[in-house]
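Asker:
There are 2 protein chains.
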Amino acid sequence: MSLVAVGSVAFDSVETPFGSRERMLGGSAVHFSLAASFFTDVRVVGVVGADFGAGELAVLERRGVATGDLERIEGGRTFFWRGRYGFDLNTAHTLDTRLNVFGDFRPALSPASRSARVLFLGNIQPDLQRDVRAQCDRAAFSALDSMNLWIDVARDSLVEAIRLVDCVILNDAEVRMLTGEASLARAARAIRELGPRLVVAKQGEYGAALYSDEGFFALPGYPLETVVDPTGAGDSFAGGFLGYLAAHAGEPLTDGLFRRALAYGTVLASFNVEEFGTERVQRLTPGEIEARYRELRNMTQFDAVPFTRPA
Amino acid sequence: MSLVAVGSVAFDSVETPFGSRERMLGGSAVHFSLAASFFTDVRVVGVVGADFGAGELAVLERRGVATGDLERIEGGRTFFWRGRYGFDLNTAHTLDTRLNVFGDFRPALSPASRSARVLFLGNIQPDLQRDVRAQCDRAAFSALDSMNLWIDVARDSLVEAIRLVDCVILNDAEVRMLTGEASLARAARAIRELGPRLVVAKQGEYGAALYSDEGFFALPGYPLETVVDPTGAGDSFAGGFLGYLAAHAGEPLTDGLFRRALAYGTVLASFNVEEFGTERVQRLTPGEIEARYRELRNMTQFDAVPFTRPA
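Chains as they are written, first to last, in the numbering used here: chain A, 1170 to 1480; chain B, 1170 to 1480.
Written as structure tokens, this is what we have:
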């Protein structure tokens, strides 16, 4: 089943306690597509400038990602972000943001993308998310990501976009911020009452939680002694999650399927942060993914043995 | 198997967004003992003043907690804490702390307490923890809790205390602070290299993680729409964890046992925070504990189905 992802395509310059890189391939649509490509056919929708070369395109194409919907603006420059992470790697400090061609991005999907079964609306302006959702109206399952900026400046449009999708994937702080609820469980319920069947709350190193009609499910983050670069972790998570779902989009979408998808999302995010940018995911193998999925499962299982209080 | 807990016995005045209470029975040894009492025989070691009445004692004794090692200082007053929690309930703002008789606490264990098989050293000055550990030298399993204050002002003594126990139970921020490691996995390893077999990192609403020779295990917090009063959650967690272990102290201490203990700790903490102080735990039943344990297990299980990439 095909999966279409719309979002940013970027060059990222990143500094962490473990080193720095200049102008790496990045952006939400890139991290998402590479992660999802291990599970299903992916088409990426985005915009790049003349500085986006054959080398960058090849990274996507080597993973089988269809790049026909990457609009190229001659004379323009690709979205650029420069950031720094401190000691705890939890917070990105933005040093420079240049929207460049991304500032005028108006996604126009090809017929192939319009017929996708599964749609991921990466973190872009909510009006554009709604427009893409309308273009891709045959999608059987759709999900969106967003950020604090849009909650601040385009809340009404974001709420309308949320009404149109099956799944919302946000950081837990954003789930709270969007709803004004301090309790994550209440906040997730408030979002589901807008329409989405699923709310996925990303919790960084603490993992992720899934709220649905079937109840609550949560997984810890895969424990890493060294996180080299957290950039793109959330998008890799979403890519693993939706990639796995898209691969099974012809089957009933059961709670068990959503749980396994959340585990694959967790696994893909954990690989993404082991090296800078897309470096680790570029040479990732299906066998490594399977092995870590099994490890994660082993890290979260416990027996159903009742306790007995001694007499 | 008997379990001995040493720690604070207190009166807590607490204000949260859901209301307030004056001079509730509290303190680490109280929350711990009540939680552990569902699993095993518990003896509580602490100090109280003349203001500690028959009503407070009865709360412990109704749960079968042995109070013979609660030293009563005539003319003295019991440890008092006043605090307030804001909107997100994650941070306690201390408004008043009066150590009173707790400031001169020198635990002297009765013969019955000295022969305990399992020992919990609640959050008290690390010199005292070491002294109690020496008094209770036949314990087959011992654990300690601590806090940022002791890491700041008595780090060397705390490290010596840690060398003497089998298990360290701390908030994840304290695990990092103690070791200076930003990575929780590295920080836990550094503590285990001091001697303890287990490090349990409490993560508030995110749950808890267990680091041992057998690897990593983690559980989310039980999802509650309303947390009324988080005071004592960490001690209730430790009580459920060690109470379950103590009930099985005659068996081999396997990884599976530790995992189930972590789940029971998570369950007891979740009940504790549903109402003010010890109110909810006072009328908790074994059946409720079992039911929530099963629920928690259902919230964390997923299948070992490998993915297959379509051709």
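Glycine residues also receive a C-beta, built at the ideal position from the N, C-alpha and C atoms.
1. Taking only beta-carbon atoms, is E1394 (chain B) less than 8 Å away from chain A?
2. Using only alpha-carbon positions, find the residue among B:F1208, B:Y1254 and B:N1292 that is nearest to V1214 (chain B).
3. Which residue wins for smallest C-alpha separation from I1320 (chain B), given the options B:E1362, B:D1306 and B:G1349?
4. Would you mind reading off the limits of the alpha helix (DSSP H) that contains D1321 (chain A)?
5. What does DSSP give as the partner residue(s) for G1215 (chain A) in the beta ladder?
6. Take every Cβ of the region 1385-1392 of chain B, pair it with every Cβ of the region 1432-1444 of chain A, and state whether three or more of those distances are shorter than 8 Å.
7. Is it buried or exposed for L1465 (chain B), if we count other Cβ within 10 angstroms and need 16 for buried?
8. Take the Cβ of F1180 (chain B) as the centre, count every other Cβ of all protein chains shown within 10 Å, and call the residue buried at 16 or more, exposed below.
9. Would you say the beta carbon of V1217 (chain A) comes nearer than 7 Å to a heavy atom of the ligand GDP?
10. Mind checking if A1460 (chain B) is an interface residue toward chain A, Cβ cutoff 8 Å exclusive?
11. Quick check: what's the CA-CA separation for A1359 (chain B) versus T1469 (chain B)?
12. Run the CB neighbour count on T1263 (chain A), radius 10 Å, all protein chains shown included, and call it buried at 16 or more, exposed below.
13. If we cut at 8 Å on Cβ distances, does M1346 (chain A) have a partner in chain B?
14. Kindly indicate if chain A contains any beta-carbon less than 8 Å away from that of T1423 (chain B).
15. At what residues does the alpha helix (DSSP H) containing T1435 (chain A) begin and finish?
16. Could you check whether the Cβ of L1258 (chain A) sits closer than 8 Å to any Cβ belonging to chain B?
17. Where R1241 (chain B) and D1265 (chain B) are concerned, what is the direct C-alpha to C-alpha distance, given to the nearest angstrom?
18. In angstroms with no decimal places, state the Cα-to-Cα distance between L1226 (chain A) and G1218 (chain A).
19. Nearest to L1347 (chain B) by alpha carbon, out of B:F1274, B:R1361, B:R1246 and B:N1317?
20. Rounding to the nearest angstrom, what Cα-Cα distance links V1397 (chain B) and F1445 (chain B) in this structure?
21. Could you check whether the region 1286-1306 of chain A touches the region 1228-1235 of chain A, counting it as contact only if at least three pairs of C-beta atoms, one from each stretch, sit closer than 8 Å?
22. Cα-Cα, which of A:A1205, A:R1192 and A:F1187 is closest to V1450 (chain A)?
23. Would T1447 (chain A) be called buried (16 or more neighbouring beta carbons within 10 Å of its own) or exposed?
24. Which runs of the beta strand (DSSP E) fall wholly inside the region 1356-1432 of chain B and span at least 3 residues, in chain order?
25. Return the chain-ordered ranges of every alpha helix (DSSP H) run that is complete within the region 1277-1307 of chain B and spans a minimum of 4 residues.
26. Using 8 Å as the threshold, is the C-beta distance between A1198 (chain A) and G1176 (chain A) below it?
27. Contact criterion: CB-CB distance below 8 Å. Does A1359 (chain A) meet it with respect to chain B?
28. Ends of the alpha helix (DSSP H) at F1201 (chain A)?
29. For V1183 (chain A), which residues does DSSP report across the bridge?
30. Residues of chain A with CB under 8 Å from T1454 (chain B), in chain order?
31. L1313 (chain A) by DSSP, collapsed to three states: which one?
32. Cutting at 6 Å between CB atoms, please list the residues of its own chain near Q1372 (chain B), excluding the five before and the five after it.
33. Nearest CA to the CA of V1337 (chain B): which residue from B:A1357, B:S1189 and B:L1426?
34. Leaving out five residues on either side along the sequence, give the residues of the same chain with a beta carbon under 6 Å from the beta carbon of L1229 (chain B).
35. According to DSSP, what are the bridge partners of T1263 (chain B)?
Answerer: Concretely, from the data shown:
1. Numbered from 1 along the second sequence, position 225 holds the residue referred to as residue 1394 (chain B). At least one chain A Cβ lies under 8 Å of E1394 (chain B).
2. Sequence index remark: in the second sequence, residue 1214 (chain B) carries index 45 (1-based). The residue with the shortest Cα to Cα distance from V1214 (chain B) is B:N1292.
3. For the purposes of this step, residue 1320 (chain B) is taken as residue 151 along the second sequence, with counting starting at 1. The option with the nearest alpha carbon to I1320 (chain B) is B:G1349.
4. Residue 1321 (chain A) sits at position 152 when you count from the first residue of the first sequence. Per DSSP, the unbroken alpha helix (DSSP H) holding D1321 (chain A) starts and ends at N1317 to V1322.
5. For the purposes of this step, residue 1215 (chain A) is taken as residue 46 along the first sequence, with counting starting at 1. Paired residues: A:L1239.
6. No: fewer than three Cβ pairs fall under 8 Å.
7. Taking the first residue of the second sequence as 1, we reach residue 1465 (chain B) at position 296. Result: buried.
8. The count along the second sequence starts at 1 and reaches residue 1180 (chain B) at position 11. Around the CB of F1180 (chain B), 16 or more other CB atoms lie within 10 Å, so the residue is classed as buried.
9. By its list of ligands, the structure shown contains no ligand whatsoever, and the ligand GDP lies outside what it can speak to.
10. Against the second sequence, residue 1460 (chain B) aligns to sequence position 291. Chain A contact via Cβ: absent.
11. The residue given as residue 1359 (chain B) occupies position 190 in the second sequence. The residue given as residue 1469 (chain B) occupies position 300 in the second sequence. If you take the alpha carbons of A1359 (chain B) and T1469 (chain B), they lie about 28 Å apart.
12. The sequence position of residue 1263 (chain A) within the first sequence is 94, counting from 1. The residue is exposed, with fewer than 16 neighbouring Cβ atoms inside 10 Å.
13. The count along the first sequence starts at 1 and reaches residue 1346 (chain A) at position 177. Closer than 8 Å: no.
14. Mapped onto the second sequence, residue 1423 (chain B) falls at position 254. Not one chain A Cβ lies under 8 Å of T1423 (chain B).
15. Counting from 1 along the first sequence, the entry for residue 1435 (chain A) is found at position 266. D1424 to N1441 is the extent of the alpha helix (DSSP H) around T1435 (chain A).
16. Here residue 1258 (chain A) refers to the residue found at position 89 when the first sequence is read from its first residue. With 8 Å as the cut-off, L1258 (chain A) counts as an interface residue toward chain B.
17. Position 72 of the second sequence, counting from 1, holds the residue named residue 1241 (chain B). Position 96 of the second sequence, counting from 1, holds the residue named residue 1265 (chain B). Each residue's Cα considered, the two are about 23 Å apart.
18. In the first sequence, the residue the question calls residue 1226 (chain A) occupies position 57. In the first sequence, the residue the question calls residue 1218 (chain A) occupies position 49. Each residue's Cα considered, the two are about 12 Å apart.
19. In the second sequence, residue 1347 (chain B) corresponds to position 178, counting from 1. Per the Cα distances, B:N1317.
20. Translated into the one-based positions of the second sequence, residue 1397 (chain B) becomes position 228. Translated into the one-based positions of the second sequence, residue 1445 (chain B) becomes position 276. Distance between the alpha carbons of V1397 (chain B) and F1445 (chain B) is about 6 Å.
21. Contact check between the region 1286-1306 of chain A and the region 1228-1235 of chain A: fewer than three CB pairs, one atom from each, fall below 8 Å, which does not count as touching.
22. Sequence index remark: in the first sequence, residue 1450 (chain A) carries index 281 (1-based). Of the listed residues, the one whose Cα sits closest to V1450 (chain A) is A:A1205.
23. Within the first sequence, numbered from 1, the residue matching residue 1447 (chain A) stands at position 278. It is buried - the Cβ of T1447 (chain A) has at least 16 other Cβ atoms within 10 Å.
24. 1367-1371, 1377-1381 and 1384-1388
25. Taking only runs of at least 4 residues, the alpha helix (DSSP H) segments lying wholly in the region 1277-1307 of chain B are 1280-1283 and 1295-1304.
26. Residue mapping note: residue 1198 (chain A) aligns to position 29 of the first sequence, counting from 1. Residue mapping note: residue 1176 (chain A) aligns to position 7 of the first sequence, counting from 1. For A1198 (chain A) and G1176 (chain A), yes; Cβs fall inside 8 Å.
27. Position 190 of the first sequence, counting from 1, holds the residue named residue 1359 (chain A). So, not an interface residue.
28. By 1-based counting over the first sequence, the position of residue 1201 (chain A) is 32. That run of the alpha helix (DSSP H) goes S1197 to A1205.
29. Taking the first sequence and counting its residues from 1, the one referred to as residue 1183 (chain A) is at position 14. In DSSP, V1183 (chain A) forms a bridge with A:R1190 and A:G1252.
30. The count along the second sequence starts at 1 and reaches residue 1454 (chain B) at position 285. Simply none; closest approach about 11 Å.
31. To locate residue 1313 (chain A), count along the first sequence from 1; it is residue 144. The answer is strand: DSSP assigns L1313 (chain A) an E or B state.
32. Start at 1 with the first residue of the second sequence, and residue 1372 (chain B) comes out as number 203. Answer for Q1372 (chain B): D1341, listed in chain order.
33. Here residue 1337 (chain B) refers to the residue found at position 168 when the second sequence is read from its first residue. Answer by Cα proximity: B:A1357.
34. For the purposes of this step, residue 1229 (chain B) is taken as residue 60 along the second sequence, with counting starting at 1. If we look at L1229 (chain B) and ignore the five residues flanking it on each side, its Cβ neighbours are T1236.
35. As a position in the second sequence, residue 1263 (chain B) is number 94, starting the count at 1. B:G1252, per the DSSP bridge assignment.
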